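Structure first, commentary second.
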Amino acid sequence: MKRCILFSVLVGFLCAITASLAAGLIIIEDSSLWPGPVPPHPLPPPSPPWHWPQPHVFAPLQVDYVKANTHIIDQVAVTIVDEEFYNPNNARLEGTFVFPIPKGAQLDKFTMEIDGRQVEAELLPAGKARHIYEEIVRKLRDPALLEYANQDVFKVRIFPIEPNSKKRITLSYTQLLKSDNGLVSFLLPLSADKFSCRPIPTVSVKVDLETRRPLKTVYSPSHKIEVKRNGPNRATVGYEATDVLPEADLALYFAPERGELGLNLLTHKCAGEDGYFLLLASPGIDTKDRRIVNKDVVFALDTSGSMAGKKIEQAKKALEFCVENLNDGDRFELIRFSTDIEPLFNSLVEANAKNRTRAEEFVKDLKAIGATDIDDALKQALGLQSSKGAGDRPFRVIFLTDGRPTIGTTDEGQILTNVKDEDTGKARIFCFGIGTDVNAHLLDQITEETRGASQYVLPEEDLEFKLSAFFEKVKEPVLTNPALQFTGGLQTKQLYPSPLPDLFKGEQLVLVGRYSGHGDSAMLLEGTVNGAVRKFTYEGNFPQENSGNDFIPRLWATRRVGYLLDEIRLHGENSELRDEVTQLARKYGIVTPYTAYLIAEDESRRDVPSPLRLLQEFGKDPEARQDAARSWQTFTREQSGDAGVASAQSSLALKMADAAAPAQMLAGQAFQRRYGLAPGGPALSSTADSSQTPRVDSAQQSRFVAGRTFFRNESGWVDSIVQNFPQARHIRLQFGSREYFDFLGNHPQAASWLALGQNLQFVLDGVIYEIYE
Numbered sequence: 002m003k004r005c006i007l008f009s010v011l012v013g014f015l016c017a018i019t020a021s022l023a024a025g026l027i028i029i030e031d032s033s034l035w036p037g038p039v040p041p042h043p044l045p046p047p048s049p050p051w052h053w054p055q056p057h058v059f060a061p062l063q064v065d066y067v068k069a070n071t072h073i074i075d076q077v078a079v080t081i082v083d084e085e086f087y088n089p090n091n092a093r094l095e096g097t098f099v100f101p102i103p104k105g106a107q108l109d110k111f112t113m114e115i116d117g118r119q120v121e122a123e124l125l126p127a128g129k130a131r132h133i134y135e136e137i138v139r140k141l142r143d144p145a146l147l148e149y150a151n152q153d154v155f156k157v158r159i160f161p162i163e164p165n166s167k168k169r170i171t172l173s174y175t176q177l178l179k180s181d182n183g184l185v186s187f188l189l190p191l192s193a194d195k196f197s198c199r200p201i202p203t204v205s206v207k208v209d210l211e212t213r214r215p216l217k218t219v220y221s222p223s224h225k226i227e228v229k230r231n232g233p234n235r236a237t238v239g240y241e242a243t244d245v246l247p248e249a250d251l252a253l254y255f256a257p258e259r260g261e262l263g264l265n266l267l268t269h270k271c272a273g274e275d276g277y278f279l280l281l282a283s284p285g286i287d288t289k290d291r292r293i294v295n296k297d298v299v300f301a302l303d304t305s306g307s308m309a310g311k312k313i314e315q316a317k318k319a320l321e322f323c324v325e326n327l328n329d330g331d332r333f334e335l336i337r338f339s340t341d342i343e344p345l346f347n348s349l350v351e352a353n354a355k356n357r358t359r360a361e362e363f364v365k366d367l368k369a370i371g372a373t374d375i376d377d378a379l380k381q382a383l384g385l386q387s388s389k390g391a392g393d394r395p396f397r398v399i400f401l402t403d404g405r406p407t408i409g410t411t412d413e414g415q416i417l418t419n420v421k422d423e424d425t426g427k428a429r430i431f432c433f434g435i436g437t438d439v440n441a442h443l444l445d446q447i448t449e450e451t452r453g454a455s456q457y458v459l460p461e462e463d464l465e466f467k468l469s470a471f472f473e474k475v476k477e478p479v480l481t482n483p484a485l486q487f488t489g490g491l492q493t494k495q496l497y498p499s500p501l502p503d504l505f506k507g508e509q510l511v512l513v514g515r516y517s518g519h520g521d522s523a524m525l526l527e528g529t530v531n532g533a534v535r536k537f538t539y540e541g542n543f544p545q546e547n548s549g550n551d552f553i554p555r556l557w558a559t560r561r562v563g564y565l566l567d568e569i570r571l572h573g574e575n576s577e578l579r580d581e582v583t584q585l586a587r588k589y590g591i592v593t594p595y596t597a598y599l600i601a602e603d604e605s606r607r608d609v610p611s612p613l614r615l616l617q618e619f620g621k622d623p624e625a626r627q628d629a630a631r632s633w634q635t636f637t638r639e640q641s642g643d644a645g646v647a648s649a650q651s652s653l654a655l656k657m658a659d660a661a662a663p664a665q666m667l668a669g670q671a672f673q674r675r676y677g678l679a680p681g682g683p684a685l686s687s688t689a690d691s692s693q694t695p696r697v698d699s700a701q702q703s704r705f706v707a708g709r710t711f712f713r714n715e716s717g718w719v720d721s722i723v724q725n726f727p728q729a730r731h732i733r734l735q736f737g738s739r740e741y742f743d744f745l746g747n748h749p750q751a752a753s754w755l756a757l758g759q760n761l762q763f764v765l766d767g768v769i770y771e772i773y774e
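Residues in the sequence shown are numbered consecutively from 2, following the numbering used here.
Below, the structure is given as structure tokens:
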């Protein structure tokens with residue numbers, strides 16, 4: 002079917018934004034020793050949507066695994082990296098192992114073992130290392146190593162590397178980490194294994210954090226990490242992946258604080274432009290019990306006939322968990338709804354042992370039967386806000402349904418109007434859509450109106466796990482209804498998330514926004530704790546220019562695009578929203594199937610010359626374009642079913658992003674599931690035409706490198722902003738020429754761009770540089 006044409010052209014975008022890890026690499030000294038990567042037995046062909054890159058000639062080895070363990074005490078980090086290489090060639094090789102050192106790192110200890118034997122490595126300062134890299138580039142006609150041209154490296158000779166054999170390398174080093182206004186940064190230099198000739202089967206990273214003062218913020222802008230708190234002063238950060246290709250080093254920020262609430266600021270600002278900032282706020286887990294906010298919670302469960310079987314059983318177990326984990330000062334109510342509405346207590350009651358036991362017995366007896374009256378269930382839940390003793394207590398509704406409204410008021414607009422009428426302004430409704438036969442528009446608009454959030458539990462997912470994990474995070478609020486102000490001449494705008502969500506024990510707020518003006522500013526965070534207003538004041542500096550932290554604009558743009566897409570999906574499309582999504586997606590490489598379609602359509606409308614188009618393969622395929630147009634129409638119009646849920650999940654992944662690349666992967670995976678493609682692999686639905694799947698190999702790629710987005714087309718890599726300089730002067734530099742290396746020496750900031758390949762175009766200081774073979 003031609004639908005697969007759309008899959009093959011668009012799903013391939015996901016491959017280019019997969020963040021993964023590695024460590025060092027092996028450079029083969031004499032490529033004449035081997036004829037090329039000839040494995041001992043034929044390797045199975047890769048399955049789409051993955052398309053394995055050809056191995057670089059200086060590293061024809063594959064990496065079997067990478068394991069990295071770091072122990073950080075305050076600002077001292079000890080890292081151990083263990084990785085295994087495999088030589089798939091029928092020839093003995095000689096090589097040099099190199100390990101790039103994080104920029105700015107001060108290493109005072111470095112050890113290395115090869116196959117269990119202690120070896121001594123040589124430290125090369127950046128100047129000497131760059132000349133060695135340049136010689137390799139000249140000899141082997143491959144610029145990929147230039148991204149390390151400005152870094153120190155350790156190197157050691159390795160011989161022999163026997164044919165069809167493994168080589169295990171273990172290294173450890175100690176470094177002093179930098180602290181900027183209390184925020185400590187750590188970078189694990191793990192992207193060098195992008196030169197592996199096959200995806201890495203196993204990647205495992207563990208970072209143990211230990212601080213003398215209570216640990217507040219723990220954040221990664223590069224990867225989706227798991228953080229486990231082990232007391233107020235300890236945390237374990239984990240990341241694991243299988244069958245991945247590397248793109249980025251792992252960046253980690255953490256902050257120990259003396260105060261109750263950790264608040265840390267990072268900025269990025271180019272001269273003459275508005276700046277971007279990222280604010281991290283975390284109460285940690287050392288919050289005293291008296292600071293935990295007492296709350297009112299209503300659990301509303303759909304028990305209509307469609308919930309029968311596994312769904313009702315998982316829901317019952319999840320509700321039992323939630324009731325059991327209520328705090329002693331909380332109050333709660335349970336409401337069962339189907340054709341009729343049945344509350345348990347008819348009021349909010351204390352979360353004491355007697356009421357918990359009664360609730361558990363009520364939940365055990367629930368049966369799935371009848372229709373779905375969503376409107377009346379919400380009315381009764383929201384009607385409890387005026388209960389005696391409510392005061393300023395936060396009021397939360399956990400609303401679970403697997404269907405659309407089928408009885409009572411069924412009109413979406415009227416249900417929303419009723420929610421507005423019943424809400425006193427302090428309720429937060431958290432909707433869980435179970436399965437895909439739900440009205441995603443309705444649930445998302447309910448949560449948007451009440452400053453809550455939606456989650457969707459797909460048929461293959463476990464409702465008990467997702468609801469229990471959610472409630473575990475939000476069961477202990479420490480600051481409700483927060484508001485943020487900035488003093489001085491600073492102007493802030495387009496902050497996300499907005500409005501600010503409540504802060505919870507052990508969790509953190511990641512806020513991004515834009516600013517104009519510069520200078521010192523007091524940041525005033527105000528909220529409510531058990532009816533009393535609490536204020537926190539922190540000093541921050543918003544510089545006039547700061548070229549660091551270039552991940553912040555991209556993270557801001559990712560959230561902004563998610564917000565704009567939700568506006569289009571829930572409230573209708575207009576040219577202003579569509580144009581801004583297109584511009585941001587192109588500039589910051591926010592490439593999902595939906596944004597890819599908008600970029601291609603915009604280029605066609607503006608009649609961009611073919612060599613400068615970013616999505617050439619997609620643009621040349623009329624059937625793919627037609628199918629993409631239908632998918633966009635589905636995104637903007639379908640409210641329910643597979644399409645409605647997939648659209649909601651795609652936007653939500655971008656709106657809630659803590660790291661740009663993983664968020665784009667999640668958004669793309671929602672699209673894949675919608676059309677029968679497995680999120681991490683090629684499994685097509687029975688309606689798809691598998692004969693079209695090889696087209697994935699020719700799908701476009703995008704790379705976000707040193708603050709710029711590059712798209713790959715027939716002529717090589719093209720800087721996304723080249724289209725913005727139609728009258729700019731062009732300078733052509735032949736790859737590997739004297740002028741090429743002179744340019745690198747004079748413009749070291751371009752090294753990461755030059756590392757992309759032998760054919761590329763980019764803008765620097767208003768001039769378009771074209772690198773050609």
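Every residue, glycine too, gets a C-beta built ideally from N, C-alpha and C. In this text, all values refer to a predicted model and were calculated from it rather than measured experimentally.
Can you check DSSP and say which residues form a bridge with residue i?
i    : result
Q119 : E114
N88  : According to DSSP, N88 bridges with nothing at all.
D643 : None; D643 has no bridge partner.
S180 : V185
M524 : F487 and Y539
Y220 : Y254
Let me know the secondary structure DSSP gives residue i once reduced to three states.
i    : result
P554 : helix
D743 : helix
C271 : coil
D376 : helix
E248 : coil
D580 : helix
H442 : helix
E602 : helix
Distance check for residue j and residue i, CA to CA, integer angstroms please.
i    : j    : result
R405 : V562 : 28 angstroms
E639 : I553 : 33 angstroms
L191 : L251 : 7 angstroms
I115 : I27  : 12 angstroms
G306 : K317 : 15 angstroms
R159 : L501 : This sequence places Ile at residue 159; Arg is not what is there. Their Cα atoms are separated by approximately 54 angstroms.
G708 : E121 : 36 angstroms
Q762 : P727 : 13 angstroms
E574 : S197 : 44 angstroms
R394 : N295 : 6 angstroms
M2   : D628 : A caution first: M2 carries a pLDDT of 40, below 50, which makes its placement in the model unreliable, though a value can still be read off. Each residue's Cα considered, the two are about 11 angstroms apart.
A127 : A647 : 47 angstroms
D422 : D377 : 13 angstroms
V582 : L496 : 16 angstroms
D297 : H269 : 40 angstroms
V157 : I73  : 27 angstroms
Starting from the C-beta of residue i, find all residues in its chain whose C-beta is less than 6 angstroms away, skip the five residues before and the five after it, and write them out in chain order.
i    : result
T304 : R337, S339, L367 and A369
Q1   : With the chain represented from 2 up to 774, any question about residue 1 goes unanswered, as that position is not in the structure.
For residue i, which residues from the same chain have a beta carbon less than 8 angstroms from its beta carbon, with the 5 sequence-adjacent residues on both sides left out?
i    : result
Q617 : S611, Q701, N714 and E715
As a quick exercise: from the options, pick the residue whose alpha carbon is nearest that of residue i.
i    : options                   : result
M657 : A372, V99, R394 and L565  : L565
G418 : K270, T451, V398 and A441 : First, the amino acid is wrong: residue 418 is Thr here, not Gly. Answer by Cα proximity: T451.
L764 : F742, L496, G758 and F711 : A quick correction: the sequence has Val, not Leu, at residue 764. Comparing Cα-Cα distances from V764 to each of F742, L496, G758 and F711, the minimum goes to F711.
K225 : K207, E211, R235 and N231 : K207
D1   : G573, L599 and L147       : Outside the shown range of the chain (2 to 774) lies residue 1, about which nothing can therefore be said.
E334 : F98, L267, C323 and F346  : F346
N182 : Y254, V420 and D209       : Y254
P749 : T358, H132 and T112       : H132
Under 7 angstroms Cβ to Cβ from residue i, same chain only, skipping five residues before and after it: list those, please.
i    : result
T203 : Y66 and T243
E351 : R332
D720 : R709, F711, Q762, F763 and V764
K474 : F505 and E508
Q315 : D463, L464 and E465
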